[in-house]
Amino acid sequence: MLKRFSVSLEDGLLADFDEFIKRRQYTNRSEAIRDLIRREFVQEEWGEDKEVIGVISLVYDHHQFQILERINDIQHDHHQMITSTTHVHMDHDNCLEILIVRGQASAVRQLADRLIALRGVKDGHLAMSSTGKSF
Ligand code: NI
């Protein structure tokens with residue numbers, strides 16, 4: 007159920023917020039505020055080492071010595087956490103691999119760090135998301 011509450015803001019801050027809303031293509035202030043609140047809750051889930059969802063992306067040259075074996079071994083070591091993976095052969099040399107991972111925040115971070123630090127990974131990221139269960 008939706009509840010209303012009023013918020014007082016300084017003129018300048020409200021003007022900046024309305025500009026932000028336009029830039030980010032929100033249709034109203036409420037949805038923008040809801041997203042900002044949820045973003046903070048997601049940060050807290052990661053900070054408090056709760057169960058989270060992470061999306062790990064890796065760009066690498068598959069010719070790099072043993073990189074496929076290493077990536078594969080690490081994923082098998084953490085198979086309980088990995089919900090799904092997608093591999094895209096982007097061109098003759100470069101691969102993009104996306105892993106959707108579910109688990110305790112510290113474990114997800116550790117897995118991402120291990121993969122991203124592998125020799126031959128040109129670009130690696132961990133997008134910190136949420137199971138969405140608690141808000
Ligand atoms: Ni490939």
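Using our numbering, you'd call the opening residue of the sequence shown number 7 and step up by one each time. Backbone N, C-alpha and C fix where the C-beta goes; we use that ideal spot for every residue, glycine too. Model, not experiment: these values are computed from the prediction.
> How big is the Cα-Cα spacing for D97 and A118?
Replying inline: 24 angstroms
> How close, in whole Å, do the beta carbons of I73 and E103 come, if the pair is a contact with beta carbons under 8 angstroms?
Replying inline: Between I73 and E103 a beta carbon distance of about 10 angstroms is seen, past the 8 angstroms cut, so the two are scored as non-contacting.
> So, is L121 buried or exposed, given that buried needs 16 or more other C-beta atoms within 10 angstroms?
Replying inline: buried
>> Going by DSSP in three states, H84 sits in which element: helix, strand or coil?
In response: coil
>> Considering only the alpha carbon of each residue, which of N100, V114, L15 lies closest to I106?
In response: Per the Cα distances, V114.
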